[in-house]
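K.L.:
In the working numbering, the protein residues as written are 233 to 369.
(1) Please return the same chain residues whose Cβ sits closer than 7 Å to the Cβ of residue 317, not counting the five positions on each side in sequence.
(2) Which of helix, strand or coil does DSSP assign to residue 267?
(3) Would a C-beta distance cut-off of 9 Å place residue 250 and residue 310 closer than the cut-off?
(4) Can you name the start and end residues of the beta strand (DSSP E) that residue 324 belongs to?
(5) If you drop the 5 nearest sequence neighbours on each side, which residues of the same chain put their C-beta closer than 8 Å to that of residue 254?
(6) Are the beta-carbon atoms of residue 260 and residue 303 separated by less than 9 Å?
(7) With distance defined between alpha-carbon atoms, name the residue in 241, 263, 278 nearest to residue 327.
(8) To the nearest angstrom, how far is the alpha carbon of residue 339 from that of residue 320?
(9) For residue 277, collect the residues of the same chain with a Cβ closer than 8 Å to its Cβ; drop the 5 residues on either side in sequence, then sort them by chain order.
(10) Quickly, what does DSSP pair residue 244 with across the bridge? List them, please.
(11) From the DSSP output, which residues share a beta bridge with residue 280?
(12) Given a threshold of 16 other Cβ atoms within 10 Å of its Cβ, counted over all protein chains shown, does residue 285 qualify as buried or as exposed?
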């Protein structure tokens, strides 16, 4: 993934991806990142994370002997096999881990089939519609 940034300015966060029956769960390590500095974007079947890590006072005044923590930005793009339902994504930042719940896109919906004659079904439908019209005022 290329963002046109200097590679020393960002790193890729470690991530666990879990699959459940109805959703994917992403666990993304964001050490030192606060909630206001996390941005998630959805475009088609892509989910993009950009998080800013603000250096602490020691990092600004000291010389590094080893750098293993990300310095400025954590950036990652996730591609899903189908389009993502943006309105149904949930995200929560807890103790340096961003949990993102992405529902699976339903390509087919199961339709309930009931027994009985068509005439009986049509009469029930008409009654139900009338009842709804009466109760909604």
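Just so it is clear, CB atoms sit at the ideal spot from N, CA and C, and this is done for glycine as well. Remember, it's a predicted structure, so these values are computed and weren't measured experimentally.
P.N.:
Reading from the atomic positions:
(1) 335, 337
(2) Residue state, collapsed to three classes: helix.
(3) no
(4) Membership of residue 324 in the beta strand (DSSP E) is indicated by the continuous run 322 to 326.
(5) 335, 336
(6) no
(7) 263
(8) Note that residue 339 has pLDDT 48, beneath the 50 cutoff, so the model's placement of it is unreliable and the number below is only indicative. Taking the straight line joining both Cα atoms gives about 16 Å.
(9) 311, 312, 313, 314, 315, 316
(10) None; residue 244 has no bridge partner.
(11) 273, 309
(12) buried
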